[in-house]
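According to our numbering, the stretch in the sequence shown is residues 28 to 329, in order. For each residue, glycine too, the CB sits at the ideal point set by N, CA and C. Predicted model, so just to flag it, every value in this text is computed and none were measured.
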Amino acid sequence: MIYLRCISSASQLQALQTSLNRSLSTTIHVYGHPTVLLAAAVIPPLYITQNLQLAQLRFKLHSSPPATIQHFLWQLWQPLLLLVPLNTIETRIQTAVCHVDIAHRDPDSPLPQNVNMAKILNKEKSYEKYLESQCSDQWRKHLELTLSDPPGRERAYVHWHLHNKHKCSMYKPAPYLTHPSRPYQLELLRLRTQHTIHIIPSHLHYAFKAPRVDYQDRVCPHCFDKGTTVLGDEICITCNCLATQGVLQQFTAKFQRLTRLLDLPPFASFTPDEKTRMVLGNPPPQVLQKGLHRWIMEATPI
Ligand SMILES: [Zn+2]
Numbered sequence: 028m029i030y031l032r033c034i035s036s037a038s039q040l041q042a043l044q045t046s047l048n049r050s051l052s053t054t055i056h057v058y059g060h061p062t063v064l065l066a067a068a069v070i071p072p073l074y075i076t077q078n079l080q081l082a083q084l085r086f087k088l089h090s091s092p093p094a095t096i097q098h099f100l101w102q103l104w105q106p107l108l109l110l111v112p113l114n115t116i117e118t119r120i121q122t123a124v125c126h127v128d129i130a131h132r133d134p135d136s137p138l139p140q141n142v143n144m145a146k147i148l149n150k151e152k153s154y155e156k157y158l159e160s161q162c163s164d165q166w167r168k169h170l171e172l173t174l175s176d177p178p179g180r181e182r183a184y185v186h187w188h189l190h191n192k193h194k195c196s197m198y199k200p201a202p203y204l205t206h207p208s209r210p211y212q213l214e215l216l217r218l219r220t221q222h223t224i225h226i227i228p229s230h231l232h233y234a235f236k237a238p239r240v241d242y243q244d245r246v247c248p249h250c251f252d253k254g255t256t257v258l259g260d261e262i263c264i265t266c267n268c269l270a271t272q273g274v275l276q277q278f279t280a281k282f283q284r285l286t287r288l289l290d291l292p293p294f295a296s297f298t299p300d301e302k303t304r305m306v307l308g309n310p311p312p313q314v315l316q317k318g319l320h321r322w323i324m325e326a327t328p329i
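Listed below in structure tokens is the structure:
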């Protein structure tokens, strides 16, 4: 992973991404949409990480002390940049910088404030942090594009789970990958159960010998009885459908108690959209960091 910057061919990077997706799926036993899984496990796609590494390399070369060989070579490259072939590391560095840090395309332009303020030894680390935030934004935008797609599993996931303030950095892997303790395992269990949303909560699985219906074609079977065609998505099943909203009512007392304990607005004041997020296991944005552990332990819907 550290040497992604050395891979020059897009097809090699794609092959690596495919095997990473497969290995992640088999390790955590979640076999849904690969992009959704990467977002849930907070692992950005390799092409974004590669851009980060290349931009970081440029910073390292540009800021190296003038007496070093790399600084000499870096100076030597500059006038040649326009002449070198497209897939050399020099051109790839330039392209990567344009993708992840366009504001500093010119290496002599002023650095971000946190990098300027850092001590000499910490500057590189601090620039990496800055790039991570830029790359997180790029990854988030990449995911948000799916929101304009027709209804589908991926779009639904992004809609319910992306805007979670506790996932502000897309470079901090999901804790269940690194900490084997209980609340985090709950999170993993939630992911495992929700990736089978093809059968939960209302739709018949193809094991019943009928072909599996695409997400966007899954009309709510209860609302359908009444002659309408309503998409049987999470919000219908949780909040809107008369036939199934009783399930949420069973848990309302628990959510009411929890919102009171953690000093949150009353549960009834949340919109159906927000309630659905909570039911799917996302803490409401108002939860403070100190209340988060309790929220995960008590509200995770398992
Ligand atoms: Zn319904």
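Nearest-angstrom Cα distance between N149 and Y30?
Mapped onto the sequence shown, residue 149 falls at position 122. Mapped onto the sequence shown, residue 30 falls at position 3. Spanning the two alpha carbons is a distance of roughly 21 Å.
Do the stretch 316 to 326 and the stretch 279 to 289 meet, that is, are 3 or more Cβ pairs less than 8 Å apart?
Enough Cβ pairs lie closer than 8 Å, so yes.
With a threshold of 7 Å on Cβ separation, who are the neighbours of K199 within its own chain once the five nearest residues in sequence on each side are excluded?
The residue labelled residue 199 in the question sits at position 172 within the sequence shown. Excluding sequence neighbours, K199 sits near V69.
Identify whether V314 lies in helix, strand or coil by the three-state DSSP scheme.
For the purposes of this step, residue 314 is taken as the residue at position 287 of the sequence shown. Here V314 sits in coil by DSSP.
Classify A130: buried if its beta carbon has 16 or more other beta carbons within 10 angstroms, exposed otherwise.
Here residue 130 is taken as the residue at index 103 of the sequence shown, counted from 1. A130 comes out exposed.
Taking the continuous alpha helix (DSSP H) assigned at I120, which residues delimit it?
Taking the first residue of the sequence shown as 1, we reach residue 120 at position 93. Where I120 is concerned, the enclosing alpha helix (DSSP H) stretches over I116 to V127.
Between the alpha carbons of W104 and L204, how many angstroms are there, rounded?
Here residue 104 corresponds to residue number 77 of the sequence shown, with the count starting at 1. Here residue 204 corresponds to residue number 177 of the sequence shown, with the count starting at 1. Approximately 41 Å, taken between the alpha carbons.
Using the beta carbon as the reference atom, which residues fall closer than 5 Å to any heavy atom of ligand 1, ordered along the chain?
For ligand 1, the selected residues are C247, H249, C250, C263 and C268.
Measuring straight from C-alpha to C-alpha, what distance separates Y58 and Q221?
Within the sequence shown, residue 58 is the residue found at index 31, counting from 1. Within the sequence shown, residue 221 is the residue found at index 194, counting from 1. Between Y58 and Q221, the C-alpha separation is close to 11 Å.
Just to confirm the assignment, what range does the alpha helix (DSSP H) spanning F278 have?
On the sequence shown, position 251 is the one that residue 278 refers to. It spans Q272 to L288 - the alpha helix (DSSP H) in which F278 sits, taken as one unbroken run.
What does the alpha-carbon distance come out to for the pair P228 and D260?
Position 201 of the sequence shown, counted from the first residue, corresponds to residue 228. Position 233 of the sequence shown, counted from the first residue, corresponds to residue 260. With a pLDDT of 41 at P228, under the threshold of 50, the modelled position of this residue cannot be trusted, and the question is left open.
Please name the residue in Y74, V142, T298 and N267 whose C-alpha comes closest to that of L47.
Working through the sequence shown from its first residue, we reach residue 47 at position 20. If we check each option's Cα against that of L47, Y74 comes out closest.
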